[in-house]
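If you read the sequences in order, they're chains A and B. Mapping to our numbering: the first sequence position 334 is 423, numbers consecutive. Mapping to our numbering: the second sequence position 430 is 519, numbers consecutive. Take a look at the structure below.
There are 2 protein chains.
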Amino acid sequence: MRYSKKSMKIRMDYNNMMSSVLGKEGFTEKQLSDMTDDLSDAFDAVEKGKGKGMMGWVDLPYNQDEIVEDILETAKNIRKDYEYFVVLGIGGSALGPIAAFQAICHMHYNDLPRRKRKGPKFYVEDNVDPERMQALLDVVEVEKTMFNVVTKSGSTSETMTQYLIINSILREKLGDKAKDHIIATTSKNAGNLIKIANKENYKTFYIPDGVGGRFSELCPVGLLPAAVVGIDIKGLLAGAKFMMEECNSANVKKNPALMAAALQHLSMQNGKNIGVMMPYADGLKFIADWYAQLWAESLGKNKTLDGKDCNVGQTPVKALGVTDQHSQVQLYAEGPFDKVITFIGVDEYRASVEIPNGCEEYPNVNFLCGHTMNELIQAERQATEYAVTKAGKLNYTIMLPQLNEFTLGQLLMYFMLQTAYAGALLNIDTFNQPGVEEGKNATYALLGRPGYDEKRTELANAPQKQNKYII
Amino acid sequence: MRYSKKSMKIRMDYNNMMSSVLGKEGFTEKQLSDMTDDLSDAFDAVEKGKGKGMMGWVDLPYNQDEIVEDILETAKNIRKDYEYFVVLGIGGSALGPIAAFQAICHMHYNDLPRRKRKGPKFYVEDNVDPERMQALLDVVEVEKTMFNVVTKSGSTSETMTQYLIINSILREKLGDKAKDHIIATTSKNAGNLIKIANKENYKTFYIPDGVGGRFSELCPVGLLPAAVVGIDIKGLLAGAKFMMEECNSANVKKNPALMAAALQHLSMQNGKNIGVMMPYADGLKFIADWYAQLWAESLGKNKTLDGKDCNVGQTPVKALGVTDQHSQVQLYAEGPFDKVITFIGVDEYRASVEIPNGCEEYPNVNFLCGHTMNELIQAERQATEYAVTKAGKLNYTIMLPQLNEFTLGQLLMYFMLQTAYAGALLNIDTFNQPGVEEGKNATYALLGRPGYDEKRTELANAPQKQNKYII
Chain A
90 MRYSKKSMKI RMDYNNMMSS VLGKEGFTEK QLSDMTDDLS DAFDAVEKGK
140 GKGMMGWVDL PYNQDEIVED ILETAKNIRK DYEYFVVLGI GGSALGPIAA
190 FQAICHMHYN DLPRRKRKGP KFYVEDNVDP ERMQALLDVV EVEKTMFNVV
240 TKSGSTSETM TQYLIINSIL REKLGDKAKD HIIATTSKNA GNLIKIANKE
290 NYKTFYIPDG VGGRFSELCP VGLLPAAVVG IDIKGLLAGA KFMMEECNSA
340 NVKKNPALMA AALQHLSMQN GKNIGVMMPY ADGLKFIADW YAQLWAESLG
390 KNKTLDGKDC NVGQTPVKAL GVTDQHSQVQ LYAEGPFDKV ITFIGVDEYR
440 ASVEIPNGCE EYPNVNFLCG HTMNELIQAE RQATEYAVTK AGKLNYTIML
490 PQLNEFTLGQ LLMYFMLQTA YAGALLNIDT FNQPGVEEGK NATYALLGRP
540 GYDEKRTELA NAPQKQNKYI I
Chain B
90 MRYSKKSMKI RMDYNNMMSS VLGKEGFTEK QLSDMTDDLS DAFDAVEKGK
140 GKGMMGWVDL PYNQDEIVED ILETAKNIRK DYEYFVVLGI GGSALGPIAA
190 FQAICHMHYN DLPRRKRKGP KFYVEDNVDP ERMQALLDVV EVEKTMFNVV
240 TKSGSTSETM TQYLIINSIL REKLGDKAKD HIIATTSKNA GNLIKIANKE
290 NYKTFYIPDG VGGRFSELCP VGLLPAAVVG IDIKGLLAGA KFMMEECNSA
340 NVKKNPALMA AALQHLSMQN GKNIGVMMPY ADGLKFIADW YAQLWAESLG
390 KNKTLDGKDC NVGQTPVKAL GVTDQHSQVQ LYAEGPFDKV ITFIGVDEYR
440 ASVEIPNGCE EYPNVNFLCG HTMNELIQAE RQATEYAVTK AGKLNYTIML
490 PQLNEFTLGQ LLMYFMLQTA YAGALLNIDT FNQPGVEEGK NATYALLGRP
540 GYDEKRTELA NAPQKQNKYI I
């Protein structure tokens, strides 16, 4: 590592959530201290859950030494022998790999010549749009491609559809050698994909039982694609571990993830049903997408742990600074008091670009000259923070000293812990997703899957659509 | 055109907004008929405003014959002579070009070989992240690049910053020939960029006075980039014109854009402060981004036209089907009753991909075999619609017969008219964006622009941040 861990600690600045800065829209010290018992309970619940049930993800920074070596060795060979690497996966199997790739790799990685990339071109197929599958097949040569099929259950319709299509093409072109072009990342113990993989002799990596899709970036789901595109996965795990240690206190003032959960919980109680995440770095753009799944699917629930009815959950909104200043900030500033904005900033960008002279005659442009883009983006972040604060809108800022594997690992773990604490405060099951079953079952019924006759009848008997309401 | 216009009409199905399907969460015929006078007023206000003030965008399908020819000629030369085409623009100058590119062009356009692309590689630079500018310069050869600088005011800091950097590099490499690598799209009458362009002898296209950034996709802002990447811009304008004609009635049941505005208005009045847009087509992914600016910046206002205080505006949320079924639908189904979901579907995709056999032993995968991806994505769209409807969540669906220039043009005009009607119903100024000034001014102050001493003093005197709130 080229830096001391302490100098790379990410910081959370929540001044603009507090009444001392925000005035009447802000929270008070008393509101925080009134939560002490609830926060202590939430902290304890997470502590007790660690490593059990669906909380296997907290162990990932500690228990993967051998797996990491296997991944690094596999990735080394892929980087050498393949021209394309394609992830077939959706939801948690795609969002983490995309976010890490965008955060660490060159912004136009696939456009770089091979010698600069050092690894294969990288694609993540996380949809079943036929146009997109066709487009992928137009640009990759399957005989030079490694496909990484990722589904824990082995029965995710979208992923298995892609697998069937790709496998058929590979078989046709390469016969038995098709097996050298597929790696399966799946459950070791259950589902179809592990059975298929064992039968076909695919290389496999395992998703631990206690790691759900949206908490899987730090297991082989995320680590293999990351290693293939040259990301330092040991640094990623070291960052996650560092954040685990930063969040080992029930004292909310010493635990940044617990503080974030507390402030978001207070916000939700005060009717802020929207949570905006707005990083000021193109590299962090897809962290907002990854977080959107984590936060929405974990907290969007209609039953408490005691079985009581509820309809909770804050809707995550993805934005990008400075870009969305020209799209969303008008609404954030002047619109309803219904949201909390999380800014993410970076102290030191990995490039510095000067703004040259050449506009002396035009004072409303010339003031930019002599500055750097770095100064401009920092000023715009601070100015936007100032503007929404002045408009009385709740906001806080997470600062990364740099964007690298160690700070990215911290960020991922920070958000996962925040989500676990927030779920405990809401007294819901943070780790399930029963609400997606209805749509899955209706899909099965519509496609004629055996055993879904009852659902087919239900669909047929649903309230009829009327033509007069179609224009 | 390869199709009849009528067969390409987009449809709006709002059954799932109505109590006849949705039950108590739905709206009634009476609620709609009670709005008749308000809707009539909104329709009249838009009719009267057409072509005046900031409503020049309604004329764009009718008054650009000569401009279109100039654009096509220019684009033809660029397609022949340049290897890269880079838009330098932000907000409305970027979102439309990105959306149209994604909708019509090959999904991996830049990865195609030159002979298949037929035009230059395409990039849109809509941020001032120094890492991104550096990355762009790593992958384009400026001496083979046409840069399209787009800013109506000629003083957008981000765009002018990019211009200064690029111009300096071009000057250094190419001397006076730099001018052959820059096209300026800007106001004919005001601002710096037109002055610079005239002095430097750049090719120029004009943004009409009455066309604001978020309503500019159908003027040269959008049309030039579209033509360069091979989009049929006449088809786009024909679609927009067709939709203008579809929306020429004050009768809400005969005017789809007015119906959308009415239903969204009712929803906002009923506390639905979130509007999700979820297209089921990768090609439409960035339509949701374009719409997010249009809707947020137009309706997010703190003053009515009578000068009364308000804080209105619905927060747009971008989603993608089926992908976000695995990320957001848990929340949409089980979470709060705080949103309206707009699905967009496509009847006939531009590719068809079969799902081959190969999983006979695994019934929970095998049911997919023999279907097509097309059937799968349609079933998933219908199933998700069914699931959120069953959960009592307001939703409606826009169906495109195909995704092509003509239907895209319809869609753009539909959303712009919907926004104009919705603004009239809210009695706000739909076309301004005063809320972004505060942030701009604070940026100027922070960067030392002359004339901003007062703002600098204000910033210095703002409530101080406390270290205890930084962890």
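Built from N, CA and C at the ideal position, the CB exists for glycine as well.
Status (buried if at least 16 other CB within 10 Å, exposed otherwise) for residue i
i: E474 of chain A; result: buried
i: N493 of chain B; result: buried
i: E464 of chain B; result: buried
i: F432 of chain A; result: buried
i: P314 of chain B; result: buried
i: R204 of chain A; result: exposed
i: T125 of chain A; result: exposed
i: E527 of chain A; result: buried
i: P523 of chain B; result: exposed
Cβ pair residue i, residue j closer than 9 Å
i: L535 of chain A; j: C448 of chain B; result: no
i: Q499 of chain B; j: G328 of chain B; result: yes
i: T250 of chain B; j: L161 of chain A; result: no
i: I99 of chain A; j: Y541 of chain A; result: no
i: S246 of chain A; j: K554 of chain A; result: no
i: A188 of chain B; j: W379 of chain B; result: yes
i: I487 of chain B; j: G434 of chain B; result: yes
i: L561 of chain B; j: A192 of chain B; result: Missing from the structure shown is residue 561 of chain B; chain B here goes from 90 to 560 and no further.
i: L121 of chain A; j: V341 of chain A; result: yes
i: K262 of chain A; j: V231 of chain A; result: yes
i: H270 of chain B; j: M235 of chain B; result: yes
i: D371 of chain A; j: L347 of chain A; result: no
i: V310 of chain B; j: S441 of chain B; result: no
i: L489 of chain B; j: D413 of chain B; result: no
Beta strand (DSSP E) segment containing residue i, residue limits
i: E386 of chain B; result: Element bounds for E386 of chain B: not the beta strand (DSSP E) but the alpha helix (DSSP H), 374 to 388.
i: P150 of chain A; result: Note, P150 of chain A: premise wrong, no beta strand (DSSP E); not H, not E.
i: T404 of chain A; result: 404 to 407
i: E214 of chain B; result: 210 to 214
i: I433 of chain B; result: 428 to 435
i: G364 of chain B; result: 363 to 368
i: A273 of chain A; result: 271 to 275
First and last residue of the uninterrupted alpha helix (DSSP H) at residue i
i: E334 of chain B; result: 322 to 335
i: D127 of chain B; result: 125 to 138
i: E494 of chain B; result: 494 to 515
i: A549 of chain A; result: 542 to 549
i: M222 of chain A; result: 219 to 228
i: G447 of chain A; result: Element bounds for G447 of chain A: n/a, residue is neither H nor E.
i: P614 of chain B; result: For chain B, the structure presents residues 90 to 560; residue 614 of chain B sits outside this window and is missing.
Close Cβ partners of residue i (< 7 Å) along its chain, the five nearest in sequence each way excluded
i: E443 of chain A; result: T461
i: A134 of chain A; result: A513
i: L515 of chain B; result: L388, V401
i: P297 of chain B; result: G145, C308
i: G185 of chain B; result: S305, E306, V310, G311, W379
Own chain residues within Cβ distance below 6 Å of residue i, not counting five before or after
i: G481 of chain B; result: E114
i: A273 of chain A; result: V238, L282, A286, Y291, T293
i: G364 of chain B; result: Q403, P405, V429
i: I258 of chain A; result: V231
i: D395 of chain A; result: none
Cβ-Cβ separation, residue j to residue i (assumed contact under 8 Å), whole Å
i: A385 of chain B; j: A476 of chain A; result: A385 of chain B to A476 of chain A, Cβ: 15 Å. No contact.
i: T519 of chain A; j: S387 of chain A; result: 5 Å
i: N216 of chain B; j: V411 of chain A; result: 6 Å
i: P539 of chain B; j: P150 of chain A; result: Going by Cβ atoms, the distance from P539 of chain B to P150 of chain A rounds to 51 Å, so no, they are not a contact pair.
i: H354 of chain B; j: A511 of chain B; result: 6 Å
i: V317 of chain B; j: P209 of chain B; result: 7 Å
i: H415 of chain B; j: I179 of chain A; result: 5 Å
i: M505 of chain B; j: E220 of chain A; result: In fact, because the Cβ distance is near 26 Å, the residues do not count as touching under 8 Å.
Residues near residue i by beta carbon distance below 8 Å, same chain, minus five either side
i: S109 of chain A; result: G115
i: V418 of chain B; result: T473, A476, V477
Any non-hydrogen atom of the ligand ATP within 8 Å of residue i CB
i: L501 of chain B; result: As presented, the structure is devoid of all ligands, the ligand ATP included, so that no description of it is given.
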